[in-house]
Structures are given as C-alpha cells and as structure tokens.
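Visitor:
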Amino acid sequence: MAAMAGALVLLSLACGGAEAASRNQISLSALDGGVPRFISGSNGKKAIAAALKGDFQKARSAAGRSRTARLLVEWFYLQKRPQEAGFKRIVNFLGEHPGWPRSQTLRKNAEALLLRGNYPSGTVISYFKSYAPLSGAGKAALALAYVKAGNKDRARHWTRHAWHYSPMSKT
Numbered sequence: 003m004a005a006m007a008g009a010l011v012l013l014s015l016a017c018g019g020a021e022a023a024s025r026n027q028i029s030l031s032a033l034d035g036g037v038p039r040f041i042s043g044s045n046g047k048k049a050i051a052a053a054l055k056g057d058f059q060k061a062r063s064a065a066g067r068s069r070t071a072r073l074l075v076e077w078f079y080l081q082k083r084p085q086e087a088g089f090k091r092i093v094n095f096l097g098e099h100p101g102w103p104r105s106q107t108l109r110k111n112a113e114a115l116l117l118r119g120n121y122p123s124g125t126v127i128s129y130f131k132s133y134a135p136l137s138g139a140g141k142a143a144l145a146l147a148y149v150k151a152g153n154k155d156r157a158r159h160w161t162r163h164a165w166h167y168s169p170m171s172k173t
C-alpha cells in the first residue's frame, strides 16, 4: 500500500503543472533514470489509473500502443504482482530499464521469488553476481544455492550474513 502511495505521489496524477495540464498530460518529471517524462492523452491516464487500482488487464488495454504507458503499467505490475510476473520478467525489466525508480523493490521481489522457487544454483548465483542481495530472503536464497553447488564456505558466509544482518519474516 505504501509503495503504491509513493508511486502515486511520484506520478503526480493530478497533473504536473499548468503546461502539462494544458496538453492533457501526466507529468513524470520527478522521475529520473530514463523514465519517460510524460504520458499523453486520456488513454495513458486511464492505463495508469487502472494500474494503480491493480486492474492490469484494463491497464494494458488502455495503454494500447503507447510505449510509455505500457512500460509504466509493466512497472506497476512487477511491483504489485511479482508472483504472477515471475523472476525472469522482473530481471528482464531491471536489465532493460536500469535506473528506474523503485528498482530496489523489484530486486527484493526477485529475491523472494528465488527463495521460494526451485531455481538451479547457477541461476541464483549468477543473478547475485549482477545484483548484491538486499534482503534476508536474497541472502538465504544465495546461501541455499551455494549449498546446492557444494560450496559450504560461501553457504556458511551468506547464512550468517542473513541471520545477523537481515530481518527475516516467518514465511
């Protein structure tokens, strides 16, 4: 809930100033890292509004051919429904759109999926060579991958690190 509220503030759905409002656009000027600056027209606005409500079928339909709207709908989807999206889709988005806001949220979602899934140890270890673990789930997933790979020293290191430095949930 707080994540979506933060995204709502960033997106400034109330329109981003007089110039953007006069062109019927949603300002994204507060966002950095290559995120498109504007969503034009009512369809883009409808797509984002539907995504904020979690209606991704409607959001994708409303986004139509607008690349900007489709990317933002995907960005919301990966944050709100990571289990449906899956690990590979999240990682692909991170790789294709470095610097987008809330990338740490996406990475934590990917880490949780790695811990819950039955991924080959090579996949898990390779992911964490690109992205250092952020969460207890990520550290635990990496430790388990090292166990599967037969590297007890690295497994022990990451188990200790997860235990001592990361909050862990009951799940």
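Numbered as in our numbering, the sequence shown ends at 173 without a single skipped number. Positions of the beta carbon are idealized from the N, C-alpha and C atoms, including for glycine.
Just the Cα atoms here: how many angstroms apart are residue 80 and residue 118?
Guide: When rounded, the distance between both Cα atoms is 17 angstroms.
Visitor: Taking the alpha-carbon positions, what's the residue 76 to residue 61 distance?
Guide: Distance between the alpha carbons of residue 76 and residue 61 is about 9 angstroms.
Visitor: Quick check on DSSP: helix, strand or coil for residue 99?
Guide: Residue 99 falls in the coil class under three-state DSSP.
Visitor: So is residue 109 buried or exposed if we call it buried at 16+ other beta carbons inside 10 Å?
Guide: Counting Cβ neighbours within 10 Å, residue 109 comes out buried, since at least 16 surround it.
Visitor: How big is the Cα-Cα spacing for residue 107 and residue 66?
Guide: Approximately 26 angstroms between the Cα atoms of the pair.
Visitor: Spatial neighbours of residue 167 within its chain, please: C-beta separation below 6 angstroms, excluding the five flanking residues on both sides.
Guide: Hits under 6 angstroms: none found.
Visitor: Does the Cβ of residue 23 have 16 or more other Cβ atoms within 10 Å, making it buried, or fewer, making it exposed?
Guide: Confidence in residue 23 is poor, its pLDDT being 34 and thus under 50, which makes the residue's placement unreliable; the coordinate value appears in the next sentence. So residue 23 ends up on the exposed side.
Visitor: Should residue 111 be labelled buried (16 or more other beta-carbon atoms within 10 Å of its own) or exposed?
Guide: Answer is buried; the Cβ neighbour count reaches 16.
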